[in-house]
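Residue numbers (our numbering): 111 to 577.
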């Protein structure tokens with residue numbers, strides 16, 4: 111293994127110095143290889159090797175993807191580069207077709223029977239190229255396999271080389287080498303049902319994060335206007351209708367000077383007659399207003415404008431969230447799933463988990479699913495020392511981890527077994543009790559989810575049963 115790495119270092123360092131840019135024609139009436147020969151670029155483009163390249167049956171294509179221009183490197187199973195310089199092509203439909211034409215010509219030249227494509231999972235940029243290549247009838251005779259690799263794997267693999275430059279051509283070759291060493295698994299073509307649901311659940315994740323930021327900003331502005339209100343708010347929800355009506359319409363001076371009966375009437379009206387004790391709420395508000403700092407009128411006007419805009423953003427995001435939840439529930443009906451039989455898990459949480467997991471058959475066991483979600487912990491051991499306080503490895507699917515933790519937070523409230531487990535873990539440590547116990551509960555939930563999705567089982571308080 112060390113010899114292979116040292117040879118690869120030498121080759122990558124030299125070949126990565128001056129990448130070769132090539133603009134291929136998409137005219138299918140005349141082969142790309144014949145054009146190259148006629149232009150006398152064939153000898154410059156293909157590397158001279160003393161080994162018999164015709165003996166290799168697999169072509170490995172490493173692709174470094176960016177928003178506008180991609181770089182491709184071509185090697186065989188032995189690590190020999192079949193092309194001297196990286197092939198650069200636009201990240202669009204024409205560029206993808208150029209890659210196909212060139213790859214097929216290369217495969218025919220060297221009697222290749224199978225092709226492997228490797229690329230980084232770089233945001234959404236790899237999606238179109240992956241699906242286009244996978245659906246190409248021209249590549250079908252070569253039984254192509256596709257490897258959409260986590261960037262952290264590529265980064266770790268590249269670290270095995272010494273003083274390797276950071277260029278697109280070098281990165282493309284590193285990706286090809288990563289595929290060649292066989293430590294990654296092929297990536298199947300995405301299932302459009304899961305992909306569509308995933309767009310919605312991930313959008314919801316980002317809306318929730320935006321909503322949390324806006325609410326935190328609003329709390330700061332409310333505290334600036336009415337300093338005692340956040341800590342002494344008499345309403346169960348500070349962002350509820352009645353609470354916001356108080357904040358938006360009155361200053362602490364207004365509340366302190368307002369007759370008690372008028373304040374009670376205002377609270378009852380904006381609370382839709384659902385508040386249990388509006389009189390006590392009014393008294394609490396008056397007491398808080400008397401103790402609150404007073405804001406200078408010039409500053410109060412600017413603060414009120416910022417607060418009104420922030421509250422408007424909150425209302426908009428909440429309306430978007432409601433609309434999104436309805437569509438998620440509608441799309442979830444297309445899936446034959448039983449996760450919603452778990453108390454506390456509704457359509458949104460079930461959809462978020464299912465969309466990220468996809469086909470459960472991709473995972474051999476629940477441990478593989480936990481690793482995919484990033485719910486595993488580092489182990490630190492040296493000699494006789496074993497660390498008890500270790501950090502969570504956050505290298506998996508952040509969206510799946512989010513929905514699993516949210517699900518655990520709901521399930522622990524509604525089920526006896528998970529409530530007992532959460533409380534046990536909460537009492538084990540003196541600090542970070544809630545976060546630690548919640549993440550451990552999420553990890554505890556994974557075997558249950560794996561079994562239910564794998565076998566089509568429904569939940570019961572002390573286990574699962576088949577339908």
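Where a beta carbon is used, it is the ideal one built from N, C-alpha and C, also for glycine.
- For residue 290, the CB contacts under 7 Å within the same chain, skipping 5 residues up- and downstream, are 170, 185, 187, 189 in chain order.
- Around the beta carbon of residue 553, 16 or more other beta carbons lie within 10 angstroms, which makes this residue buried.
- DSSP places residue 554 in the helix class (H, G or I) of the three-state scheme.
- In the structure shown, residue 235 adopts helical secondary structure according to DSSP, grouped into three states.
- Counting along the chain, the unbroken beta strand (DSSP E) around residue 255 starts and ends at 255–259.
- Residues of the same chain with a CB within less than 6 Å of the CB of residue 334, apart from the 5 flanking positions on each side, are 413 in chain order.
- Within the DSSP secondary-structure output, residue 186 pairs in a beta bridge with 169.
- For residue 225, the enclosing beta strand (DSSP E) has its first and last residue at 224–230.
- Shown here, residue 430 sits in a helix according to DSSP, grouped into three states.
- The beta carbon of residue 179 is closer than 7 Å to those of 198, 200, 201 in its chain, skipping five residues each way along the sequence.
- Boundaries of the beta strand (DSSP E) around residue 569: 567–570.
- Contact check for residue 255 against residue 300 fails: the beta carbons are separated by 8 Å or more.
- In this structure, the alpha-carbon of residue 196 lies about 39 Å from that of residue 463.
- Look at the beta carbons and you see the stretch 353–372 not touching the stretch 308–315: under three pairs across the two are nearer than 8 Å.
- Distance from the Cα of residue 535 is smallest, within the candidate group 322, 467, 546, for 546.
- Spanning the alpha carbons of residue 384 and residue 346 requires a straight line of approximately 12 Å.
- Counting C-beta atoms within 10 angstroms of its own C-beta, residue 523 has fewer than 16 neighbours from the protein chains shown and is therefore classed as exposed.
- When C-alpha distances from residue 470 are compared across 454, 485, 445, the shortest belongs to 445.
- In this structure residue 228 is buried. Its beta-carbon is surrounded by 16 or more other beta-carbon atoms within 10 angstroms.
- Under the three-state reduction of DSSP output, residue 180 falls in the strand class.
- Contact between the stretch 390–401 and the stretch 360–379 is present, with at least three C-beta pairs closer than 8 Å.
- Counting along the chain, the unbroken beta strand (DSSP E) around residue 197 starts and ends at 197–200.
- In this structure, the CA atom of residue 481 is about 52 Å from the CA atom of residue 401.
- In this structure, 421 is the residue among 307, 421, 561 with its C-alpha nearest to the C-alpha of residue 331.
- Linking residue 435 to residue 364 through their CA atoms gives a straight-line distance of about 39 Å.
- For residue 327, the secondary structure class from DSSP, reduced to helix, strand or coil, is helix.
- Exposed is the label assigned to residue 408, since fewer than 16 other Cβ atoms lie within 10 Å of its Cβ.
- Secondary structure note for residue 514: its alpha helix (DSSP H) is the uninterrupted segment 508–524.
- Close CB contacts of residue 430 within its chain, under the 7 Å cut and outside five residues either way in sequence, are with 317 (chain order).
- Annotated three-state conformation of residue 384 is coil, per DSSP.
- Classified as exposed, residue 478 has fewer than 16 neighbouring CB atoms from the shown chains inside 10 Å of its CB.
- Note on geometry: alpha-carbon atoms of residue 549 and residue 485 lie some 8 Å from one another.
- When Cβ pairs closer than 8 Å are counted between the two stretches, the stretch 511–528 is seen to touch the stretch 448–459, the count reaching three or more.
- The alpha carbon of residue 203 has as its nearest neighbour, out of 246, 230, 193, the alpha carbon of 246.
- For residue 351 against residue 380, the beta-carbon gap comes to about 6 Å, under 8 Å, which counts as contact.
- Residue pairing of residue 502 in beta bridges, as defined by DSSP: 487.
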